[in-house]
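Some notes on the structure that comes next.
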Amino acid sequence: MTDPRQVTLEDQFLLHLQRAFEIESTFESLMEWEGYIATKDPHVASLVLKLYSESETHAQMLRRLIAKIRHHGERWNPAQHPSDLDLRDKAEGQILKDILAFEKDAHKAYSEMSRILSEPEAASLVISDDIGSILSTVNILRNAELRHIRAVERAIEGKFDDDS
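In the numbering used here, the protein residues as written are 117 to 280.
Take a look at the structure:
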């Protein structure tokens, strides 16, 4: 009999998967949309709109991934929409810093998911035999978040992709 206090590999994976899904489907997309509306600088607005669009794509990728993962419905409960993400009165630099925090959190979740999926016993987490494609999807998402982190950090410094 397992110790009920023991955190299993499945528990760890579901925790990080839920967090990634919360961030992509709720926090990031809402924050980025609010940031887009609140920003005045066209470079910042362009970056934030791109991040918003990519968060929506990431949420779709996660929905497909979730369908391939074994999980128990009672243990799956991503957060609802946050109530305190009103960015209208924040300076653009603070908006970018707030977005950066979520980008880093998503990257950490994907990094942990990648680590867990690389464990030999991770095969028990998936419904299909194709753990390789699931790991590949997670790594694509992790790398995208790393690009987002770098882009937001550059924007905080006043540098944008179209700068020479």
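In this text, a Cβ means the ideal position worked out from N, Cα and C, and glycines have one as well.
Cβ separation of Ile243 and Arg180, assumed to be a contact under 8 Å, to the nearest whole Å: Not really, about 12 Å apart at Cβ, beyond 8 Å.
Three-state secondary structure (DSSP) at Val123? coil
How many Å lie between Val123 and Pro158 at the Cα? 46 Å
Taking the alpha-carbon of Glu208 as reference, which of Ser240, Leu251, Thr155 has the nearest alpha-carbon? Thr155
C-alpha gap between Gln176 and Phe276, whole angstroms: 27 Å
Alpha helix (DSSP H) containing Thr155: first to last residue? Here Thr155 belongs to no alpha helix (DSSP H), and DSSP marks it neither H nor E.
CB-CB length for Glu235 against Leu125, believed under 8 Å: Cβ atoms of Glu235 and Leu125 come within 8 Å of each other, at about 6 Å.
With respect to the alpha helix (DSSP H) encompassing His223, which residues constitute its N-terminal and C-terminal limits? 208-233
In angstroms, rounded to a whole number, what distance separates the CA positions of Asp245 and Gly151? 41 Å
Would you mind reading off the limits of the alpha helix (DSSP H) that contains Thr253? 247-272
Please classify Thr173: is it buried, with 16 or more other beta-carbons within 10 angstroms of its beta-carbon, or exposed? exposed
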